[in-house]
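Here the protein sequences come in this chain order: A and B. Per our numbering, residue 1 is the first one in the first sequence, and the count goes up by one each step. Per our numbering, residue 1001 is the first one in the second sequence, and the count goes up by one each step.
Number of protein chains: 2
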Amino acid sequence: MPDVEADALRTAGDSGDDLIELLFFAYRDFVGDPDRILAQYGFGRAHHRVLHFVDRYPGLTIAELLDILRITKQSLNRVLKDLIGQGYITQKTGTSDRRQRLLFCTAAGTALAGDLIRVQSRRVARALADSEIGRENPLSAESFLFGMIEPEERAAVRRLMARRVRSAA
Amino acid sequence: MPDVEADALRTAGDSGDDLIELLFFAYRDFVGDPDRILAQYGFGRAHHRVLHFVDRYPGLTIAELLDILRITKQSLNRVLKDLIGQGYITQKTGTSDRRQRLLFCTAAGTALAGDLIRVQSRRVARALADSEIGRENPLSAESFLFGMIEPEERAAVRRLMARRVRSAA
DNA sequence: ATTTTATGTCAGTGTTGTTGACATGTTCCA
DNA sequence: TGGAACATGTCAACAACACTGACATAAAAT
Chain A
1 MPDVEADALR
11 TAGDSGDDLI
21 ELLFFAYRDF
31 VGDPDRILAQ
41 YGFGRAHHRV
51 LHFVDRYPGL
61 TIAELLDILR
71 ITKQSLNRVL
81 KDLIGQGYIT
91 QKTGTSDRRQ
101 RLLFCTAAGT
111 ALAGDLIRVQ
121 SRRVARALAD
131 SEIGRENPLS
141 AESFLFGMIE
151 PEERAAVRRL
161 MARRVRSAA
Chain B
1001 MPDVEADALR
1011 TAGDSGDDLI
1021 ELLFFAYRDF
1031 VGDPDRILAQ
1041 YGFGRAHHRV
1051 LHFVDRYPGL
1061 TIAELLDILR
1071 ITKQSLNRVL
1081 KDLIGQGYIT
1091 QKTGTSDRRQ
1101 RLLFCTAAGT
1111 ALAGDLIRVQ
1121 SRRVARALAD
1131 SEIGRENPLS
1141 AESFLFGMIE
1151 PEERAAVRRL
1161 MARRVRSAA
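Right under this line is the structure:
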């Protein structure tokens, strides 16, 4: 273990353990908001995750989605079929590689994804405001969470997020 | 919405949305570590959560555990029976109220809980070190996550965490 | 003495994950 | 060109973990 980490572990002490617990509580409430909305559509968290990533990264392939979600194609297909069947997501055959299915949100899909991200954004904004991280160092929360990602996976996440369509700017 | 929050939402802009996504990736890898250990014991995440909270808050009652985990007593009982049956947790009848079952970890339970918290602490320590939050403002990550908790629930979480046994100090 | 509370348990169900096997169409390569 | 590799879809069985509803017991509170 590098010195910085050992040092951080000592410095943090029990607060590191507190962080573990707070992450549980934070995540518990974080997913609670969308759950209530999704229930009205007969959808679950699995549907939410698919909808979210397809909305944010239009043209995502099945393989890419599988790599992001870390589930099997059978699990993905179940929820994807629901979302496509009910008109929230559409597929297009890939142009360069016709084996691929590129995924896109329909207008209804984008609308629902927007509703879902809105409630979560609100919670995040409140957390930033309450913790006074927002003004002082708005990126520190981001960099902390990024640091929680498995090191070998960070490049992939960075690559994905860099690909995002900047529409709200 | 209070001005500070609206302001934070604007300031954060897309970074708020990035935080949502990073929280997904962070949590995905965060629970991945313990999962590998638990699988060797034939346990799952539900067992982990129970073991963790009983280890950290010895003497917890069933009702308190239910309130923390936000699951039904039937769900809790299934995993709790496993943990008791295999000697990781024991029950004692409450002294002031003999209806209550106070939960405690056995030596084996504490050992396993320790193994689990160790791998997670390592990840948190690395995240703090990598994000350089550790030295600058070690509490900002904590306060951010605390801010993610439903406001009405924060007092309960604070009360719980204040109750912790300070043994490692 | 009755009601309420804390807990335990049985039975059935739903979502979301898994494995294994197999099918189709597309691309790539020798 | 023909076969291997790849991207995807699908069927079936199964496991973990959540849910609801109903009912039981012992202890506490009124």
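Using N, Cα and C, we set each Cβ at its ideal position, and we do this for glycine too.
Can you tell me where the alpha helix (DSSP H) holding T110 of chain A begins and where it ends?
107 to 130
Quick one: residues in its chain with C-beta nearer than 6 Å to the C-beta of I1062 of chain B, no 5 flanking neighbours on either side, listed in chain order? R1101
For the candidate residues A:L116, A:A156, A:A26, whose alpha-carbon lies nearest to that of D35 of chain A? A:L116
- prompt: Taking just the CA atoms, how far does V79 of chain A sit from R70 of chain A?
  reply: 14 Å
*asked:* For a quick check, are the C-beta atoms of E150 of chain A and D1018 of chain B less than 9 Å apart?
replied: no
Task: Bridge partner(s) assigned by DSSP for F104 of chain A - done: A:T90
CA-to-CA distance, P1058 of chain B to R1164 of chain B, given in whole angstroms = 9 Å
| query | With a Cβ-Cβ cutoff of 9 Å, do I1089 of chain B and V1054 of chain B count as a contact? | reply | yes
### Minimum Cβ-Cβ distance from E1064 of chain B to chain A less than 9 Å
no
message = Taking its Cβ as the centre, do 16 or more other Cβ atoms sit within 10 Å of A1168 of chain B, making it buried, or is it exposed?
response = With a pLDDT of only 48 at A1168 of chain B, under 50, the local geometry of the prediction cannot be trusted, and no value is derived from it.
Distance check for V1031 of chain B and H47 of chain A, CA to CA, integer angstroms please.
20 Å
Discussion item. For a test of the three-state rule: what should DSSP assign to L160 of chain A, helix, strand or coil?
Written reply: helix
message = Taking CB distances under 9 Å as the criterion, tell me whether G1109 of chain B reaches chain A.
response = no
ask   = If you check the beta carbons only, do L1083 of chain B and G147 of chain A fall under 9 Å apart?
value = no
Open item on the list: Contact criterion: CB-CB distance below 9 Å. Does V1050 of chain B meet it with respect to chain A?
Closed with: no
Item to check | Straight-line gap, I1068 of chain B to L103 of chain A (C-alpha atoms, nearest Å) | outcome: 38 Å
- Message: Here's the rule I'm using: 16 or more other beta-carbon atoms within 10 Å means buried, otherwise exposed. How should R1056 of chain B be labelled?
- Response: buried
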